[in-house]
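Report on one structure; see the data block that follows.
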Amino acid sequence: MKTEIKTKTKKPLVERTELEVKFSDFEKTPSYIQIKEEVSKLIGAKQELILPQRVNQEFGMREATVLIYVYDSEEGMKKFSIKKKEKTGSAA
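Residues 42 to 133 (our numbering) are what the sequence shown spells out, left to right.
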C-alpha cells in the first residue's frame, strides 16, 4: 500500500494537525487500524493521537483519500475530539 500526504494544515486553536492522505495500491479499503499504523510510520506520531475521520473512495478504485486528525497531546485530544452522546430514557 502506498501513502502520500496531499495536504497538511496546522490548527493550533484545537491543538491538532489535519492531514489529507492518499492511499493507493491496496486490495481492500484499509481499516482505521491500518490507516493509523501507516500514518504513524509516515509522520512519526503516536498511534493513540491519530484519529481517522473520513475515508473517501470511489467504487471500484484502488485509491482512497482519508481525512486524519493528529493531536498534539492526549489532553488536547480529550478536550477537542467529538464524543458520542449517551442514550437517555427509554423507547416509547
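The C-beta atom is built at its ideal place from N, Cα and C for all residues, glycine as well.
Source: prediction; values computed, not measured.
Asked, Found
"Under 7 Å between C-beta atoms of I123 and V62", "no"
"Start and end residues, beta strand (DSSP E) containing S72", "No beta strand (DSSP E) contains S72, which DSSP labels as neither H nor E."
"L83 and T44 closer than 7 Å at C-beta", "yes"
"Rounded C-alpha distance that separates L92 from E79", "12 Å"
"Element boundaries [alpha helix (DSSP H), containing F121]", "E115 to F121"
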